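To start, the structure under review is shown below, and the notes come after it.
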Amino acid sequence: METINYDQVVNAMEALKKFLNETNAKQSNSNDEFFLDSNRDAKFVQVMITLKKVPKNFVGSVVQLRLPHPFVDPSSVSICLIVRDLSDNRRNYEYDKWSRHFKEMLQEKGVTDVDYVISFSHLIREYNTYEQKKKLAKSYDKFLMDNRLNQTSVNKHLGKVFKDLKKLPIMVDITKSGINDQIKKSLSVCKIIVEKFSNK
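The number in my numbering is simply the position in the sequence shown, starting from 1, with 2 added.
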């Protein structure tokens, strides 16, 4: 079975970084303002991972990879946190109170990067239709979820719209000390959705 040549990958990335640095230097000396403006935010390199043959049991699954060098700064993105319910009784109409409870808890622990906190029951009640879920998905850059929640249940409720927009929530442990570090750790996770394919 063929494996990836690590040294070759490193050499390719070094060559790419050199090319980008040289290109940026040329752009800085350019008098074409439109050219400069259109490339001012070009700070990231997109990587596409492809396989010659994908195992059938991976199709439709979500693969999580933790990046050793995260490129997402919690302070630069909007974050929605989905938390567990304080009661197992879904008919309890104090679901918004649970959301406030966790928001106040985060504030007491000095967490300032989470923009919106919502309990799972609150999520189920307020975001039922496709359009409501789509609006929620587009309202925030990143979604995190309390790791005490059942990930399958949460993903099932959020449905296709979150999957298509690549906004499925990432688990975070909010019970540990140093929640800010836990959030940064969770934002270093990259999710890859293995789509349907055809092996010929």
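By construction, the Cβ of each residue, glycine as well, lies at the ideal position given by its N, Cα and C atoms. Owing to the predicted nature of the structure, the values given are computational and were not obtained by experimental measurement.
Using only the alpha-carbon positions, how far apart do residue 161 and residue 128 sit? Along the sequence shown, read from residue 1 onward, the residue named residue 161 stands at position 159. Along the sequence shown, read from residue 1 onward, the residue named residue 128 stands at position 126. If I take the Cα positions, the gap works out to 15 Å.
Under the three-state reduction of DSSP, which class applies to residue 38: helix, strand or coil? For this step, residue 38 is matched to residue 36 along the sequence shown. Low local confidence applies: a pLDDT of 46 at residue 38 is under 50, so the model's placement there is unreliable, with the coordinate-based value given in what follows. If DSSP states are grouped into helix, strand and coil, residue 38 belongs with the helices.
Give the DSSP-derived three-state secondary structure of residue 86 in the structure shown. On the sequence shown, position 84 is the one that residue 86 refers to. Coil at residue 86, not helix or strand.
Look up residue 118 in the DSSP assignment and say whether it is helix, strand or coil. By 1-based counting over the sequence shown, the position of residue 118 is 116. Reduced to three states, the DSSP call for residue 118 is strand.
The segment 11-27 touching the segment 155-169, judged by at least three CB pairs closer than 8 Å: Verdict: no, contact absent.
At the level of alpha carbons, what is the spacing between residue 117 and residue 192? Start at 1 with the first residue of the sequence shown, and residue 117 comes out as number 115. Start at 1 with the first residue of the sequence shown, and residue 192 comes out as number 190. Their Cα atoms are separated by approximately 21 Å.
Cα-Cα separation, residue 141 to residue 51: Locating residue 141 in the sequence shown gives position 139, counting from the first residue. Locating residue 51 in the sequence shown gives position 49, counting from the first residue. Cα-Cα distance, rounded: 28 Å.
Can you tell me where the beta strand (DSSP E) holding residue 193 begins and where it ends? One-based indexing of the sequence shown puts residue 193 at position 191. 191-195 is the span of the beta strand (DSSP E), which, as asked, contains residue 193.
By Cβ distance, which residues of its chain are closer than 7 Å to residue 26, with the 5 residues on each side in sequence left out? By one-based count along the sequence shown, residue 26 stands at place 24. If we look at residue 26 and ignore the five residues flanking it on each side, it has no Cβ neighbours.
Going by C-alpha distance, which of 177, 69, 151, 172 is nearest residue 107? Within the sequence shown, residue 107 is the residue found at index 105, counting from 1. Residue 177 is the option with its Cα nearest to residue 107.
From which residue to which residue does the alpha helix (DSSP H) around residue 67 run? Counting from 1 along the sequence shown, the entry for residue 67 is found at position 65. It is not in any alpha helix (DSSP H) - residue 67 instead sits in the beta strand (DSSP E) that spans 64-68.
Residue from 164, 173, 79 whose Cα sits closest to the Cα of residue 67: The residue labelled residue 67 in the question sits at position 65 within the sequence shown. Of the candidates 164, 173, 79, the one whose C-alpha sits nearest the C-alpha of residue 67 is 173.
Can you give me the C-alpha to C-alpha distance between residue 133 and residue 163, rounded to a whole angstrom? Position 131 of the sequence shown, counting from 1, holds the residue named residue 133. Position 161 of the sequence shown, counting from 1, holds the residue named residue 163. Computed Cα separation, rounded: 9 Å.
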